Each structure stands twice: as structure tokens, then as C-alpha cells.
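This report refers to the structure that appears directly beneath it.
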Amino acid sequence: MKSLAMTLDLVDDPEVIAKYKAYHREVWPEVISGLHSIGVARMKIFLLGTRMFMYLEVPDEFDLATDFQAYTDSSPRAKEWDELMRNFQSQAPEAKEGEWWAGMEEVFDIDWF
Numbered sequence: 059m060k061s062l063a064m065t066l067d068l069v070d071d072p073e074v075i076a077k078y079k080a081y082h083r084e085v086w087p088e089v090i091s092g093l094h095s096i097g098v099a100r101m102k103i104f105l106l107g108t109r110m111f112m113y114l115e116v117p118d119e120f121d122l123a124t125d126f127q128a129y130t131d132s133s134p135r136a137k138e139w140d141e142l143m144r145n146f147q148s149q150a151p152e153a154k155e156g157e158w159w160a161g162m163e164e165v166f167d168i169d170w171f
């Protein structure tokens, strides 16, 4: 298993942020099953202001660039969820061109020592 970390911003509007959080308290079943189907073992999203941080645990061979597309292809509802969530989100300024959730560099792991 490997860990991935990514960041993204939410639209800077308290109503938008509240609605985004409400959706995530009642995630559609197809979203969960779609994420499991591509090997996502764990996923957590944290929020501070408008900046989000997502933590994933995935198989070692997982390739975000190709495997995440399999999630949105897993069902029409998974694709609908992804498109719906983009209405609340905006790319982090540090994101590369074409990158939605921007990958973060791992700079410390207590298990390294």
C-alpha cells in the first residue's frame, strides 16, 4: 500500500462550503463502491478555510493519472458526483496545468526513522 496526498480549494463562499460538507455527510453509495473498485482502501478529506487536503491509501501499483479515470467510468452516478463536486471546487494555485486535485510532495514519514 502507498499513501497519496492531494490538495484543492473550495469556492470562497460560506454557503458553498456548507453545501459541500453536507454532500460529504451523505455520499452516494455509487461513489464509495466506485472508489473501492479502483483500489482505494482509505480516503480522508480535511478542510481549513477553503483549502482541502485529501489522504488516500491505494495499492502500490496504483497510478492516479490513469486509475482515477476508472472511478469516474465505474458508474454514471460516480461521474455525476465528480462533475457536481467541481461546482464547489477550484484548483489550488500550485496545481499543474490540467491537474484538478494537485499532488503533494511527501516530506516526512515517522516510519522513515
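Counting from 1, position 34 in the sequence shown corresponds to residue 92 in the working numbering; the numbering is continuous, with no gaps.
Think of the CB as a built atom: it goes at the ideal place given N, C-alpha and C, for glycine as much as any other residue.
These numbers come from a predicted model, not from an experiment.
Note the first and the last residue of the continuous alpha helix (DSSP H) segment covering residue 154.
Within the sequence shown, residue 154 is the residue found at index 96, counting from 1. Here residue 154 belongs to no alpha helix (DSSP H), and DSSP marks it neither H nor E.
What residues in its chain sit with their C-beta under 6 Å from that of residue 120, if we drop five residues either side in the sequence?
Translated into the one-based positions of the sequence shown, residue 120 becomes position 62. Excluding sequence neighbours, residue 120 sits near 97.
Rank 77, 64, 67, 95 by C-alpha distance to the C-alpha of residue 133 and give the top, closest one.
Taking the sequence shown and counting its residues from 1, the one referred to as residue 133 is at position 75. Nearest C-alpha to residue 133: 95.
Let me know if residue 59 comes out buried or exposed under the rule of 16 or more other beta-carbons within 10 Å of its beta-carbon.
Walking along the sequence shown from the start, residue 59 turns up at place 1. The residue is exposed, with fewer than 16 neighbouring Cβ atoms inside 10 Å.
Terminal residues of the continuous alpha helix (DSSP H) containing residue 89?
Your numbering for residue 89 matches position 31 in the sequence shown. Start and end: 87-95.
Can you say whether residue 136 is buried or exposed, counting buried as having 16 or more other CB atoms within 10 angstroms of its CB?
To locate residue 136, count along the sequence shown from 1; it is residue 78. With 16 or more other Cβ atoms within 10 Å, it is buried.
From 86, 160, 108, 122, pick the residue whose C-alpha is nearest to that of residue 73; which is it?
Here residue 73 refers to the residue found at position 15 when the sequence shown is read from its first residue. Closest by alpha carbon: 108.
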